[in-house]
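Notes for the one structure printed next.
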Amino acid sequence: MGRFLLKRFFQTILILIIISILAFSLIHIIPGDPVYAMLGTDISPEYHDQVYHSMGLDLPLVKQYFRWVGNFVQGQMGYSYHFKEDVSTLVARRLPPTLILGILSAVVSVILGLLFGIITAVRRGKPIDSVLTVLANIGIATPIFWLAVLLVFVFSLRLKLLPSWGFTFPWVDFGRSMKQMVMPVLCMSVGGIASYTRQTRSSMLEVIGQDYIRTARSKGLKESQIIKKHAVKNALIPILTLIGLTLRNSIGGSAIIERAFNISGMGSVMVEALSARDYVALQSGIVFLALITCVCNLLVDIAYAYADPRIRLE
Amino acid sequence: MSDTKRFFKALFKRKIVAVALVVIIFFLLCAVASPLIATHDPYEQDLFNILKGPSAEHWLGTDNLGRDVYSRIIYGSRIAFTVGIFAVIISGVLGTALGLAAGYFGGWVDSVISRLVEAMMAIPPIVLALALVAIFGRSLPMLTVVMGVSSVPAFARMMRGQVLTVRDLDYVAASRIRGNSNFVTMVKHILPNCLSPMIIVMTQSIGGTILAEAGLSFLGAGVLPPAASWGAMVSDGYTHLSRCPSFALSPGVAVILLVLAFNIFGDGLRDALDPRLRGSR
């Protein structure tokens, strides 16, 4: 297991290096002069040169890259001209809402998805299986922004139960925070719940067909015991790999959700940075989000190795 | 019974797959024959009649510029189809080629391709698509390329897995022993045996791609206005939700119907082409 994890660790480092190169290249691939693109063409040439120099754009490419990475590792991600603050403080301010919403919705989708998946597999062919399966199919096909609009229409405009926008930290005002988070978390979880339901169902059905389940049945074990002790445990192993992707997808989806519910989080930073051509924020943002995904994947690999003896004892 | 007949019998065994195909064909007709099916010019503004609810004149009402929402949804199917199908073809072809090379050659080729794939997969899909839009621009062909490129990694990974299952089989060894070049062995012997799962996954991805394009245009990074894109329509309508809900909500129904139809059809195709996977999802 140690060797497997060490290998994955070095692969993760390698992946992060590749991502940093890709993100770094962005500024040089996009057509046009990066400084004019960021600040507009009506700035004075002297100011242009000054910014150009302060961003290190006049250095050789390789030197630029190492300077940027070196600063990034030390937590200095540069100054964003669009947001008018250091990218590190920007991230520190805007990441927490996204993370809270992302983690909450990841938890909700895993719990409900596994639950529904197990129910549909155990009750295969029964009405509840059909209903949940149809709902899961619709859930996968529903655009989350449309769901957000629908929920706002029903719960905010018609029933006037929930606020249609904003984000408050739970430790500031718990009640308001919960009310504001219901709809965003629901929207961000629907896709996850649906795909977990489908995956868990198929994984469970595969396991239920295995010989060791038949053996357990022939031993006279109760069906609930078989499901709990033998089926679920084995069915969950392939699902684990999916969990690593959930947080990535939630954070990606946060761009849409944050726009729909007017939340100033990391997703909206990325969208704004792109439309304002703020490369400084963009580069660091991409690397930062990828870093989170990679750490999640690594944690999942550890869990995977722990859960599956075939890997643990390798 | 001929193979073709057996295939179609298996494909339409579940009635819902036939229904899905009908829905897809309906939307395809809308896309191809938009001017015939639409009741109004999708770009014609009527500023005296903005944000009206459904009526006999405007079946789904009008938008904030007085344009007919129904006609714009019909025209929007063109964007959905173009992006959905061509992007999947782009990513399918590129992904298959990369996965084939990675799986067949192994070694450093595999390492390079696999790490690149994993790196791209670590970036949240929407962020990746947004970054690519910044590079390629927002015209319809470029948007299709962007959607295609951003899902290359998933296909490459899938194809690599497929190749690994057949790479060490006897017929591959036989082809090599006959003195066939690597290229001939890959294209003539390995590719055909990995193709049907790839076709299944490609079909299943069309729906997801249409969804992703809608999401991108909701964020304002899709095809430039005034083109009618479903996601952008929902976004425009959101601002006027309290006054005219049909404007924001109806384009989403079109997205759900088309995506659902493609997903169900994809599942049906999987069941028909690959009996081993039947009913597993």
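Residue numbers (the working numbering), protein chains in the order written: chain A, 1 to 314; chain B, 1001 to 1281.
Beta carbons: idealized from backbone N, C-alpha and C, even for Gly.
Assigned secondary structure, residue i (DSSP; H/G/I helix, E/B strand, else coil)
i       : result
B/Y1070 : helix
A/T12   : helix
A/S80   : strand
B/T1144 : helix
B/E1044 : coil
B/E1057 : coil
A/D86   : strand
A/T197  : helix
B/T1062 : strand
B/M1121 : helix
B/G1084 : helix
A/R277  : coil
B/K1188 : helix
B/L1011 : helix
B/S1181 : coil
B/I1210 : helix
B/P1226 : coil
B/V1127 : helix
A/L104  : helix
Straight-line Cα distance separating residue j from residue i
i       : j       : result
A/T241  : A/V300  : 7 Å
A/S250  : B/A1173 : 44 Å
A/K7    : B/R1115 : 13 Å
A/L57   : A/D33   : 10 Å
B/F1048 : B/G1066 : 7 Å
B/D1041 : A/W165  : 35 Å
A/W68   : A/G75   : 11 Å
B/N1180 : B/V1187 : 11 Å
A/L99   : B/P1153 : 25 Å
B/Q1204 : B/L1195 : 14 Å
A/G125  : A/E206  : 15 Å
A/L16   : A/T120  : 39 Å
A/A37   : A/Y81   : 11 Å
A/D355  : B/M1121 : For chain A, the structure presents residues 1 to 314; residue 355 of chain A sits outside this window and is missing.
B/V1184 : A/G70   : 46 Å
A/Q210  : A/R217  : 11 Å
B/L1273 : B/M1159 : 17 Å
B/S1250 : A/G40   : 38 Å
B/A1020 : A/S88   : 49 Å
B/P1192 : B/R1014 : 27 Å
B/A1080 : B/P1125 : 18 Å
A/H28   : B/G1268 : 45 Å
A/L114  : B/S1077 : 35 Å
B/T1004 : A/Q283  : 51 Å
B/D1168 : A/S105  : 43 Å
B/V1017 : B/A1248 : 29 Å
A/E223  : A/V122  : 10 Å
A/L61   : B/Y1171 : 48 Å
A/L59   : A/D49   : 13 Å
Reference residue i; option with closest CA among the options
i       : options                            : result
B/V1069 : B/S1077, B/H1058, B/R1078          : B/H1058
A/N137  : B/L1260, B/G1231, B/R1006, B/F1012 : B/L1260
B/V1145 : B/Y1238, B/V1133, B/G1207          : B/V1133
A/L22   : B/V1127, B/G1095, B/E1044, B/A1031 : B/V1127
A/L245  : A/V122, A/S189, A/G220             : A/S189
B/C1030 : B/I1073, B/L1249, B/D1168          : B/I1073
B/A1101 : B/G1092, B/S1091, B/I1113, B/P1197 : B/I1113
A/M77   : A/Y196, A/S20, A/I256              : A/S20
B/V1234 : A/I128, A/L26, A/W146              : A/W146
A/T142  : A/V134, A/S195, A/L157, A/G191     : A/G191
B/A1056 : B/P1141, B/T1239, B/S1151, B/T1039 : B/T1039
B/V1201 : B/F1105, B/T1096, B/F1007, B/F1012 : B/T1096
B/G1222 : B/N1263, B/R1178, B/N1182, B/A1131 : B/A1131
Residue-chain proximity (residue i, chain D), Cβ-Cβ < 7 Å
i      : result
A/V271 : In the structure shown, chain D cannot be found, because the protein chains are A and B.
query: Per the contact definition of three or more C-beta pairs closer than 8 Å, is the stretch 1044-1053 of chain B in contact with the stretch 1242-1252 of chain B?
result: yes
task: Output, in sequence order along the chain, the residues in the stretch 1118-1143 of chain B whose CB is closer than 7 Å to any CB in chain A.
output: E1118, A1119, A1122, I1123, P1124, P1125, I1126, V1127, L1130, A1131, A1134, I1135
field: Cβ contact check for the stretch 1230-1239 of chain B and the stretch 1210-1222 of chain B: 3 or more pairs under 8 Å
entry: yes
task: Examine the Cβ distances between the stretch 1256-1274 of chain B and the stretch 291-308 of chain A and report whether three or more of them are shorter than 8 Å.
output: no
task: State whether the stretch 197-215 of chain A contacts the stretch 259-277 of chain A, with contact taken as three or more CB pairs (one from each stretch) at a distance under 8 Å.
output: no
- prompt: What residues in the stretch 50-64 of chain A bring their beta carbon closer than 8 Å to a beta carbon of chain B?
  reply: none
- request: Mind checking the stretch 156-175 of chain A against chain B and listing, in chain order, the residues whose C-beta falls within less than 8 Å of any C-beta there?
  value: L157
task: Below 7 Å between beta carbons is the criterion; list the residues of the stretch 1241-1253 of chain B that meet it against any residue of chain A, in chain order.
output: L1241, S1242, P1245, A1248, L1249, G1252
message: Measuring CB atoms only, is the stretch 225-241 of chain A touching the stretch 134-151 of chain A, in the sense that at least three cross pairs come out at less than 8 Å?
response: no
Chain B contacts from the stretch 274-304 of chain A (Cβ-Cβ distance under 8 Å): L274, S275, R277, L282, G285, I286, L289, A290, T293, C294, N297
query: What residues in the stretch 1252-1268 of chain B bring their beta carbon closer than 9 Å to a beta carbon of chain A?
result: G1252, V1253, V1255, I1256, L1257, L1258, V1259, L1260, A1261, F1262, N1263, I1264, D1267
- prompt: Does the pairing of the stretch 100-117 of chain A with the stretch 214-228 of chain A give three or more beta-carbon distances under 8 Å?
  reply: no
query: Of the residues that make up the stretch 138-152 of chain A, which ones have a beta carbon closer than 7 Å to any beta carbon in chain B?
result: I138, I140, A141, T142, P143, F145, W146, V149, L150, V152
message: For the stretch 231-256 of chain A, list every residue whose C-beta sits within 9 Å of some C-beta in chain B, in sequence order.
response: L245, R248, N249, S250, I251, G252, G253, S254, A255, I256
field: Residues of the stretch 81-108 of chain A whose Cβ lies closer than 7 Å to any Cβ of chain B, in chain order
entry: none
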